[in-house]
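Asks: Residue numbering for the sequence shown follows UniProt numbering, beginning at 1 and increasing consecutively.
Note that the Cβ used here is the ideal one computed from N, Cα and C, for glycine as well.
In this text, all values refer to a predicted model and were calculated from it rather than measured experimentally.
The structure that follows is given in the form of structure tokens.
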Amino acid sequence: MRRVIGKCFVGEQRRPTSQRLLVSLLQKMNFHTLPKRVQQFQEPSVWLEFSPLSSLCNAINLGQGFPDWKPPPFVLEAASKASSDPHFSQYARSSGLQSLVSTISRTYAPLLQRSIDPTKEVCVTVGASEAIFLACQAFVESGDEVIFIEPAFDIYFGAVVYAGATPRWVPLHMQPKEGQPLSASDLRLDYDELRSVLSERSRLLILNTPHNPTGKVFKKEELQAIAKVLQDFPRCLVLCDEVYQHLVYDDEVHVPMATIDNMWERTISVYSAGKTFSVTGWKIGWAIGPWHLIRPMMLSQQWIVFSTTTPLQQAVASSLEQATQPFESEPTYYAWLKKRYQRKRDYFYQALIEAGLHPVKPQGSFFIMIDISEIQDIRNEMPPAIMEWWKRGLLDVDQRTQTAVDYNFCRWQAVEKGVTAIPFSAFYSRHHQPLGSRYVRFSFCKEDAVLEEAKQRLVPHHP
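Right, dumping it as structure tokens:
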């Protein structure tokens, strides 16, 4: 039996068996007996609430950033061919299959404006996430500090904490242009504020461009200003997450931090096949940098995962080669990809305006932030359906967010509108969460029909 609450169903859904066993085990043990690094993650993440919530509400999931279409035919063909070749059925070289690192070195030499040694300056990882984890394991330890620019992809925090280091945060500030629509370019970094959080203990600055979750693309002048501040802190390396490198719109240009004067020697650049080829489940990423930075990551890799999936590495190598060829009437696959995403961005941006919302136009990535501060009738309380699911153990909710405006906006929107977004304060440290509470994040990496249906559900908008 099931009964309806709002547009959602409450029935006999249960936690998966593995999850119930884990909950049972944790309930039997004292959480405070676990290592301190684990204790920091005792509250459920935003994903543990909103991903199941989307399913319970049969909502359109515009919260998580994964495409809902098939990868390009040449990518699927490469995977099929590699998986049926016995040469690619065993362990690969720990730091990357030779064919892949060689292709990466050729592909990225023009972008990074230098020759790249495939065996010394490239490390293939289990997605960009492991590259970030490896960098933290290789270069930071207890007593060190790592700087985030907020809002920030939440996996950075976990990588830093598990390395034993202390996170420090510096926020972007919205500085809108008078009389102009809001743009991600209006988000600015205060360089004096950045300098104030740096010290002799600073070991790593994590930078992300194009930026998740805002869609900001850091201009060359901004990167130069950051580099200038770092001149006074020579121990501080830079980890530059550039997984959205091909998703830049209008006249924007992606500039790698490693191309800024004197920054190559202290920068680890991170990339991924997942966002580029719509294969986020493949988990193939790579780090590029000078030998003295990549070698410690290679050494760490041996003791963590040893190597990544061999046939998928070969498939990515082939796909990188093919992506520079003409595709769907465009000069390259990359040109087609940019054009496709820009069209989706433009469509969904206008749809949000028609819904009476206030979107911040992204320059890159496939995320768009919405300013909800001017919506008058937001109900800052948890919907009854969510309270019941939480009580019954069907949802994991961070109890600290019960009165968070952005969280409750997203909850009501999922329940009543059937569209899932992500509360923006989830991407901030506790100290800076008020800066994010006026925004929510949508993703537009969905088929046109899905975006059209989301538009119909959102217009007219009554939270």
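Quick one: Cα of residue 466 to Cα of Ala355, how far?
Replies: Residue 466 cannot be examined here, being either before or after the span of the chain that is shown, 1 to 463.
Asks: Check the Cβ-Cβ distances between Thr103 and every residue of chain C, and say whether any is below 8 Å.
Replies: Any reference to chain C falls outside this structure, which holds one protein chain only.
Asks: Just curious, the alpha helix (DSSP H) that Gly158 is in, first and last residue?
Replies: That run of the alpha helix (DSSP H) goes 155–162.
Asks: Can you find the residues in the same chain that come closer than 7 Å, C-beta to C-beta, to Lys177, ignoring five residues on each side of it along the sequence?
Replies: Taken in chain order, the residues that qualify are Asp186.
Asks: Would you identify the three-state DSSP class for Leu134, choosing helix, strand or coil?
Replies: Helix at Leu134.
Asks: Would you report the Cα separation of Thr324 and Pro311, rounded to the nearest angstrom?
Replies: If I take the Cα positions, the gap works out to 21 Å.
Asks: So what's Tyr271 in DSSP terms, helix, strand or just coil?
Replies: Reduced to three states, the DSSP call for Tyr271 is strand.
Asks: Note the first and the last residue of the continuous beta strand (DSSP E) segment covering Glu145.
Replies: Here the beta strand (DSSP E) through Glu145 covers 145–150.
Asks: Within the segment 57–104, note down every full alpha helix (DSSP H) run reaching 4 residues or more, in order along the chain.
Replies: Complete alpha helix (DSSP H) runs here, min 4: 73–83.
Asks: Going by C-alpha to C-alpha distance, which of Thr276, Glu374, Asp192, Asp448 sits closest to Pro72?
Replies: Looking at the Cα atoms, Thr276 is the closest of the given residues.
Asks: Determine the closest residue to Ala165 out of Ala184, Cys136, Phe153, Pro181, with distance taken between C-alpha atoms.
Replies: Comparing Cα-Cα distances from Ala165 to each of Ala184, Cys136, Phe153, Pro181, the minimum goes to Cys136.
Asks: If I follow the unbroken alpha helix (DSSP H) through Val300, where does it start and stop?
Replies: In the sequence under discussion, the amino acid at residue 300 is Ser, which differs from the Val named in the question. Counting along the chain, the alpha helix (DSSP H) containing Ser300 begins and ends at 291–304.
Asks: From what residue to what residue does the alpha helix (DSSP H) around Asp448 run?
Replies: It spans 448–458 - the alpha helix (DSSP H) in which Asp448 sits, taken as one unbroken run.
Asks: Along the beta strand (DSSP E) that carries Thr209, what are the first and last residues, could you check?
Replies: Neither: Thr209 is in no beta strand (DSSP E) and is coded neither H nor E.
Asks: Work out the CA separation of Ser89 and Pro181 for me, nearest whole Å.
Replies: One C-alpha to the other measures close to 52 Å.
Asks: Mapping the DSSP letters down to three states, classify Glu12 as helix, strand or coil.
Replies: The pLDDT assigned to Glu12 is 41, lower than 50, so where the model puts this residue is not dependable, and the model offers no usable value.
Asks: Using alpha carbons as the reference points, say which of Ser318, Val197, Lys446, Thr280 lies closest to Asp144.
Replies: Of the candidates Ser318, Val197, Lys446, Thr280, the one whose C-alpha sits nearest the C-alpha of Asp144 is Val197.
Asks: Going by the CB atoms, is the gap between Leu189 and Leu172 shorter than 8 Å?
Replies: It is a contact, given that the beta carbons lie within the stated cut-off.
Asks: For Thr166, which of helix, strand or coil comes out of DSSP?
Replies: In the structure shown, Thr166 sits in a strand (DSSP, three-state: E or B).
Asks: Cutting at 6 Å between CB atoms, please list the residues of its own chain near Asp398, excluding the five before and the five after it.
Replies: The residues are Glu43, Pro44.
Asks: Just to confirm, is the Cβ distance from Ile260 to Ala287 under 8 Å?
Replies: No, these two residues do not count as a Cβ contact at 8 Å.
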